[in-house]
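Residue numbers (our numbering), protein chains in the order written: chain A, 11 to 311; chain B, 11 to 311.
There are 2 protein chains.
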Amino acid sequence: MPRCPGRHSGDEVIEHLVVIGVGLIGGSFALDLRKKGLVGRVTGVGRGRANLEKAKELGIVDAIADSAAAAVKDADLVLLAIPVGAMAAVFRDVAASLPARCILTDAGSTKQDVIAAARAGLGGKIGQFVPGHPIAGAETNGAEAARTGLYYHKPYVLTPLPENPPAAVETVQALWKACGAQVSEMEAARHDQVFAAVSHLPHLVAFALMEELAGRPDAETYFRHAGNGFRDFTRIAGSHPEMWRDISLANKDALVAELDTFIAKLAGMRGLLARGDGQALEGLFTRAREARLNWIKGKRH
Amino acid sequence: MPRCPGRHSGDEVIEHLVVIGVGLIGGSFALDLRKKGLVGRVTGVGRGRANLEKAKELGIVDAIADSAAAAVKDADLVLLAIPVGAMAAVFRDVAASLPARCILTDAGSTKQDVIAAARAGLGGKIGQFVPGHPIAGAETNGAEAARTGLYYHKPYVLTPLPENPPAAVETVQALWKACGAQVSEMEAARHDQVFAAVSHLPHLVAFALMEELAGRPDAETYFRHAGNGFRDFTRIAGSHPEMWRDISLANKDALVAELDTFIAKLAGMRGLLARGDGQALEGLFTRAREARLNWIKGKRH
Chain A
11 MPRCPGRHSG
21 DEVIEHLVVI
31 GVGLIGGSFA
41 LDLRKKGLVG
51 RVTGVGRGRA
61 NLEKAKELGI
71 VDAIADSAAA
81 AVKDADLVLL
91 AIPVGAMAAV
101 FRDVAASLPA
111 RCILTDAGST
121 KQDVIAAARA
131 GLGGKIGQFV
141 PGHPIAGAET
151 NGAEAARTGL
161 YYHKPYVLTP
171 LPENPPAAVE
181 TVQALWKACG
191 AQVSEMEAAR
201 HDQVFAAVSH
211 LPHLVAFALM
221 EELAGRPDAE
231 TYFRHAGNGF
241 RDFTRIAGSH
251 PEMWRDISLA
261 NKDALVAELD
271 TFIAKLAGMR
281 GLLARGDGQA
291 LEGLFTRARE
301 ARLNWIKGKR
311 H
Chain B
11 MPRCPGRHSG
21 DEVIEHLVVI
31 GVGLIGGSFA
41 LDLRKKGLVG
51 RVTGVGRGRA
61 NLEKAKELGI
71 VDAIADSAAA
81 AVKDADLVLL
91 AIPVGAMAAV
101 FRDVAASLPA
111 RCILTDAGST
121 KQDVIAAARA
131 GLGGKIGQFV
141 PGHPIAGAET
151 NGAEAARTGL
161 YYHKPYVLTP
171 LPENPPAAVE
181 TVQALWKACG
191 AQVSEMEAAR
201 HDQVFAAVSH
211 LPHLVAFALM
221 EELAGRPDAE
231 TYFRHAGNGF
241 RDFTRIAGSH
251 PEMWRDISLA
261 NKDALVAELD
271 TFIAKLAGMR
281 GLLARGDGQA
291 LEGLFTRARE
301 ARLNWIKGKR
311 H
């Protein structure tokens, strides 16, 4: 990790980390960097005062700032870990006070919209923004959900901009690697397409099933008989509604395309079932099962 | 639990239990009853000799029978724990040799089709068949997957027939309660409709997503970036293809109806997304999340 320019207290250390949005994602990043001794002090910024006080009490942040603009003034690294729909306002707010040495990065689940918002908000300082996405969400949130080790062996996708100085990209990459994440690089558009399929679509599907059953007059009967399969399948339906509204809207085009593909897939399956084509159904289930067993096996290596 | 007529070695004990299909479900039932001292000896029957040998080695069964017809001759209770599509043949096979004192029960995930097969196969002995469904599936199978405690605090649905003597229903109920299951009673048709929604549909959806992504030329990129949400959502796509082919076909009408409802739900969600209706999406996600949190809370009590 390169030395932070203008700082003198030691190599490889982020003197002043500002976390905007001290929840599961932002809080866990701060905790890991603290544990590794890679950060001097941490300031938290956010909409909920009670959550920030809790973050301070839990030793996630040292101080609380009233505004993002004030907090970044003497920051070396800023992590934006807020719903993607809230990022545009923050980029606008911090642009003027962001020091030249400071690197800005994010943890947004969509990248093209966040990059567009950063370009609009940061203007000439866009090179200081290194976009990224740690894949370690959970259905829990708030500072109390934060924990060390959250990113260990989890994917992290970097989608750097042509304007980023290589040193800034390396710093961001090194910090996530220090948290144990498996870092890879992708184009922002490709990132959004891949995550529409492996993350955003499953979330919408889980929300849809849960909401459908909850709306039935005899919902209680359904839920009483639901087992472990249902429990795991719908775990992500416990996710943060605002966050997922933002992700859905931010990645609308790719997600609509994936929904269309998936609806067609289910309609095809319905056709096989209505025709009683057991052989085709078993073939489909077998291909699915093999793909899943291989994927799980691959994750263990 | 009533005394087994014709048996003398003790009250409340099933002298001779025959398990047809010694996998996760059948094997775990035998293990629990053995542990509680509620069973004298256990005979296993099944298609795979190697699996039966393994079941014997693991102490799940004491003996292996070559045919169901031979095994039931001096049985007190028989559990059918095989794919529902394979049950009709077994009912036919055992009808002649089934002693009058013996209770036959099953663990099938669908009930109307199993009951119809039992009526066809057992004829005048239909009163000896007490249909039921333990909700404790997993994506593992075979005798090696069997374990004690599988049914602890899990739902078990009894769908008794008008022909069942109350004592037979009580015996079956008492055995599952002894395994720790939460026993409830339902009409077979209602059972099939409820499980189409809370179990069969989610399985088909998980199989569909996994197979869709696996079929893409760049499948590896998708799977490499899939996180824990995807892992849990698709866990049931690792389930047994033949078993799920049978369940799908056996519960075709209810499952086609649920698929239609769900496809319409997803199409509605796609409309909200395409129109950029963030408020409606957030409302839907919020209702889903609240329903899930309440459900999980209820399960803990």
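Cβ atoms here follow ideal geometry from the backbone N, Cα and C, with glycine treated the same way.
{"query": "Endpoints, the beta strand (DSSP E) within which residue 87 of chain A is located", "result": "87 to 90"}
{"query": "Beta carbon proximity, residue 107 of chain B to chain A, threshold 8 Å", "result": "no"}
{"query": "Per-residue burial, residue 289 of chain B [other beta carbons within 10 Å of its own, 16 or more giving buried]", "result": "exposed"}
{"query": "Helix, strand or coil at residue 166 of chain B [DSSP, three-state]", "result": "strand"}
{"query": "For residue 212 of chain B, the first and last residue of its enclosing alpha helix (DSSP H)", "result": "211 to 224"}
{"query": "Under 7 Å by beta carbon: chain B residues contacting residue 233 of chain A", "result": "305"}
{"query": "Cβ-based neighbour list, residue 33 of chain A, same chain, cut-off 6 Å, excluding 5 preceding and 5 following", "result": "151 and 152"}
{"query": "Neighbour-count burial assignment, residue 303 of chain A, 16 or more Cβ in a 10 Å radius", "result": "exposed"}
{"query": "Distance, residue 69 of chain B Cα to residue 190 of chain B Cα", "result": "21 Å"}
{"query": "Three CB pairs or more closer than 8 Å across the segment 275 to 286 of chain A and the segment 252 to 267 of chain B", "result": "yes"}
{"query": "C-alpha gap between residue 80 of chain B and residue 142 of chain B, whole angstroms", "result": "24 Å"}
{"query": "C-alpha distance - residue 25 of chain A paired with residue 47 of chain A, whole-angstrom precision", "result": "10 Å"}
{"query": "7 Å Cβ cut-off: residues of chain B touching residue 207 of chain A", "result": "223 and 232"}
{"query": "Distance CB(residue 36 of chain A)-CB(residue 117 of chain A) smaller than 8 Å", "result": "yes"}
{"query": "Closer than 8 Å to chain B by CB, residue 15 of chain A", "result": "Unreliable positioning characterises residue 15 of chain A in this predicted model, as indicated by a pLDDT of 42, which lies under 50. A coordinate reading is not provided."}
{"query": "Enclosing alpha helix (DSSP H) for residue 123 of chain B [first to last residue]", "result": "122 to 132"}
{"query": "Per-residue burial, residue 133 of chain A [other beta carbons within 10 Å of its own, 16 or more giving buried]", "result": "exposed"}
{"query": "Cβ of residue 34 of chain B within 8 Å of any chain A Cβ", "result": "no"}
{"query": "Cutoff 8 Å: residue 139 of chain A Cβ touching any chain B Cβ", "result": "no"}
{"query": "First and last residue of the uninterrupted alpha helix (DSSP H) at residue 192 of chain A", "result": "Looking at the DSSP string, residue 192 of chain A is not in any alpha helix (DSSP H); the run it does join, the beta strand (DSSP E), is 192 to 195."}
{"query": "Complete beta strand (DSSP E) runs within the segment 18 to 47 of chain B (minimum length 3 residues, chain order)", "result": "24 to 30"}
{"query": "Boundaries (first-last residue) of the alpha helix (DSSP H) holding residue 54 of chain B", "result": "No alpha helix (DSSP H) holds residue 54 of chain B; the beta strand (DSSP E) holding it covers 49 to 55."}
{"query": "Supposed contact pair residue 239 of chain A and residue 77 of chain B - C-beta distance, whole angstroms, cut 8 Å", "result": "With 8 Å as the limit, residue 77 of chain B and residue 239 of chain A do not qualify as a contact, their Cβ atoms being about 33 Å apart."}
{"query": "is_contact[residue 213 of chain B, chain A] using C-beta, thresh 8 Å", "result": "yes"}
{"query": "Exposure label - residue 38 of chain B; buried when at least 16 CB within 10 Å", "result": "buried"}
{"query": "Cα-Cα separation, residue 43 of chain B to residue 185 of chain B", "result": "7 Å"}
{"query": "Chain B residues whose Cβ lies nearer than 8 Å to that of residue 280 of chain A", "result": "266, 269, 270 and 273"}
{"query": "Check whether residue 175 of chain B and residue 137 of chain B have beta carbons under 8 Å apart", "result": "yes"}
{"query": "DSSP state of residue 114 of chain A mapped onto helix, strand, coil", "result": "strand"}
{"query": "Which of helix, strand or coil DSSP assigns to residue 306 of chain A", "result": "helix"}
{"query": "Cβ-Cβ distance between residue 206 of chain A and residue 122 of chain A below 8 Å", "result": "no"}
{"query": "Residue 144 of chain B: first and last residue of the uninterrupted alpha helix (DSSP H) it sits in", "result": "No alpha helix (DSSP H) contains residue 144 of chain B, which is instead part of the beta strand (DSSP E) from 142 to 144."}
{"query": "Residue 194 of chain A, buried or exposed, once every other Cβ within 10 Å from all chains shown has been counted against 16", "result": "exposed"}
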